[in-house]
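Student: Structure provided below as structure tokens; questions to follow.
4 protein chains.
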Amino acid sequence: MIESEYKIRVRYAETDRMGVVYYGNYSQYYEVARTELIRGLGISYKEVEERGYKLPVYKMNITYFYPAEYDDLLRIETIIPEKPGIKMKFLHKIFNEQNVLINEAEVVLVFTDDKTKKACTPPDFFSKLINKNFKD
Amino acid sequence: MIESEYKIRVRYAETDRMGVVYYGNYSQYYEVARTELIRGLGISYKEVEERGYKLPVYKMNITYFYPAEYDDLLRIETIIPEKPGIKMKFLHKIFNEQNVLINEAEVVLVFTDDKTKKACTPPDFFSKLINKNFKD
Amino acid sequence: MIESEYKIRVRYAETDRMGVVYYGNYSQYYEVARTELIRGLGISYKEVEERGYKLPVYKMNITYFYPAEYDDLLRIETIIPEKPGIKMKFLHKIFNEQNVLINEAEVVLVFTDDKTKKACTPPDFFSKLINKNFKD
Amino acid sequence: MIESEYKIRVRYAETDRMGVVYYGNYSQYYEVARTELIRGLGISYKEVEERGYKLPVYKMNITYFYPAEYDDLLRIETIIPEKPGIKMKFLHKIFNEQNVLINEAEVVLVFTDDKTKKACTPPDFFSKLINKNFKD
């Protein structure tokens, strides 16, 4: 598996009138966490797109346990549990500064090739980075 | 069950550089669809909050099938499949104007009482509206 | 000038922990109001883009007078005060259901040509629609 | 005056189908820049609110010069040009990594007292921090 951790501070804009982070905004935090995990592999997600591939989201399952508040410095643990094929799975857990689990999510992306507009297996340059960083 | 339908037009702001609606923004469409379903029952969700209850989201599972584009007039079908207890389940399906299924989601909310800050069964005024509108 | 009116209901997602609409979200309401004004002229903004033009924002000046709340049904008055050249100016005023002025804004867009990537005067198909709908 | 600098990386969610940051999303960047400037003074904005004061935005004037793109690491320069009275003015400039000016904004906030719900002069604990950090 591949593990990564990233911290994000909650913006005022991300809260709602319940006084906590709006349930739909965590998807942005997951996105940033994935982006930084991929950067840690040795390539930016932007470059993946520039090389002709996109990774739209196919599935997102979130379970919410505890609210995050304005100005909380959240810690996001992200795991790629298995080597990606056409699908690439990410597991996210978000914790606040008191180490309380805020929510957890499984997000599945799909490799797609700009030329064919169809799903595809990961391009070589990406698989190599996965293999290099993957730990059993 | 209780059924409802609502239409939302995609805003420019809701698209991303992939040219389609950002995967995290559908949660706003679901929220609006739930709000309008509840309004159709005979009470606004705002009034539910003013009477001392909140309905935070406990679970959201989305499967994405097809991208929605800028200016699409989306149709959201929403169903409450069973009478709510502490948990209240909503099933959403979003279609575009060509009747293509964009995505579907199950969203589970939890009734919470402002006084106790704890989960609770639906208040009487709400259960009455559910019973009145529920069809087997 | 050209006048238009559009109504938007405030979403839960658009409020912040102050209990009112986040100051940055009004820009989305203005965008929707412009989109619907243009649709009223006889073309969708989407089609303007498909014909090879874009209208990025050059300037936005907002003055905030009163907060909008969750579930408010806002009325947005939009005016094009003068025929557009390279720049196209919109004046927006947002009112709540009690007719209280929420805020007002001046937003200036710039016609740009996809081919040259440069600012340009409005294309003929657009100028014709402006001329047809403009009232002195 | 008081000066501050903060860096923010553009999220995928913040771009739109023009391929650049949506014009309305910069208000979030300005908000974060103000929050971090205030933290640098020795208090969090969250604590200002907890002590019974809010700072809603009264005015925002933005001029857009150049688009910011996905994954850009933006640098936001923020200045408080004069000691705040009832109004507190912030000047923001955003630059990309090539040091190109993306946009600039003037944002004016108003101190309001939770008890009176009215505008007020800055509370003592805040004025002291301003005076301590202000440079002529």
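Chains as they are written, first to last, in this note's numbering: chain C, -16 to 119; chain S, -16 to 119; chain V, -16 to 119; chain X, -16 to 119.
Even glycine gets a Cβ: it sits at the ideal position worked out from N, Cα and C.
Grab me the residues of glutamate 19 of chain X's own chain with a C-beta within less than 6 Å of its C-beta, minus the 5 sequence neighbours each way, in chain order.
Tutor: Excluding sequence neighbours, glutamate 19 of chain X sits near Tyr(-11).
Student: For chain V, check one thing: does any of its Cβ atoms lie closer than 8 Å to the Cβ of tyrosine 53 of chain C?
Tutor: Chain V contact via Cβ: present.
Student: For asparagine 79 of chain C and isoleucine 85 of chain C, what's the separation of their Cα atoms in angstroms?
Tutor: Between asparagine 79 of chain C and isoleucine 85 of chain C, the C-alpha separation is close to 7 Å.
Student: For threonine 46 of chain V, name the three-state secondary structure that DSSP assigns.
Tutor: Note: threonine 46 of chain V maps to strand in three-state DSSP.
Student: Considering only the alpha carbon of each residue, which of V/Ile(-9), V/Tyr9, V/Gly25, V/Ala88 lies closest to proline 64 of chain V?
Tutor: Residue V/Ala88 is the option with its Cα nearest to proline 64 of chain V.
Student: Under 8 Å Cβ to Cβ from tyrosine 49 of chain C, same chain only, skipping five residues before and after it: list those, please.
Tutor: Excluding positions up to five away in sequence, the list reads Asn79, Val83, Leu84, Ile85, Asn86.
Student: For tyrosine 170 of chain S, which residues in chain X fall below 8 Å Cβ to Cβ?
Tutor: An answer regarding residue 170 of chain S cannot be provided, because it is not within the stretch -16 to 119 covered by chain S.
Student: Which runs of the beta strand (DSSP E) fall wholly inside the segment 65 to 108 of chain X and span at least 3 residues, in chain order?
Tutor: Counting whole runs of 3 or more residues, the segment 65 to 108 of chain X contains the beta strand (DSSP E) stretches 70 to 78, 84 to 93.
Student: Which residues in chain X sit within 8 Å of threonine 46 of chain V, going by Cβ to Cβ distance?
Tutor: Neighbours of threonine 46 of chain V on chain X, chain order: Tyr41, Lys42.
Student: Give the straight-line distance between the Cα atoms of valine 40 of chain C and isoleucine -15 of chain S, rounded to the nearest whole angstrom.
Tutor: Rounded to whole angstroms, valine 40 of chain C to isoleucine -15 of chain S spans 29 Å at the Cα level.
Student: From C/Ile77, C/Ile69, C/His75, C/Glu60, pick the residue whose C-alpha is nearest to that of proline 105 of chain C; which is it?
Tutor: With distances taken between Cα atoms, proline 105 of chain C lies closest to C/Ile69.
Student: Where does leucine 57 of chain C sit, in a helix, a strand or coil, going by DSSP?
Tutor: Strand.
Student: Are three or more beta carbon pairs between the segment 1 to 16 of chain V and the segment -14 to 6 of chain C nearer than 8 Å?
Tutor: Flag = yes, the segment 1 to 16 of chain V and the segment -14 to 6 of chain C touch.
Student: Between the C-alpha atoms of methionine 71 of chain V and valine -7 of chain X, what's the straight-line distance to the nearest angstrom?
Tutor: Spanning the two alpha carbons is a distance of roughly 28 Å.
Student: What does the alpha-carbon distance come out to for the pair isoleucine 21 of chain V and threonine 61 of chain V?
Tutor: Whole-angstrom Cα-Cα distance: 11 Å.
Student: Below 7 Å CB to CB, which residues in the same chain sit around aspartate 54 of chain X once its five sequence neighbours on both sides are set aside?
Tutor: The residues are Arg(-8), Val(-7).
Student: Take glutamate 32 of chain X as the anchor and find which of X/Asp107, X/Asp96, X/Ser110 has the nearest alpha-carbon.
Tutor: When each option's Cα is compared against that of glutamate 32 of chain X, the closest is X/Asp96.
Student: At the 8 Å Cβ level, is arginine -8 of chain X part of the contact set with chain S, yes or no?
Tutor: Not an interface residue.
Student: Would you list the residues sitting across from arginine -8 of chain C in a DSSP beta bridge?
Tutor: According to DSSP, arginine -8 of chain C bridges with C/Leu56.
Student: Give me the Cα-Cα distance between isoleucine 77 of chain C and isoleucine 59 of chain X, rounded to the nearest whole angstrom.
Tutor: Roughly 27 Å between the two C-alpha positions.
Student: Any idea which residues DSSP pairs glutamate -14 of chain S with across the strands?
Tutor: Glutamate -14 of chain S pairs with S/Ile62.
Student: Would glycine 7 of chain C and glutamine 11 of chain S be called neighbours here (beta carbons separated by less than 8 Å)?
Tutor: Yes, these two residues count as a Cβ contact at 8 Å.
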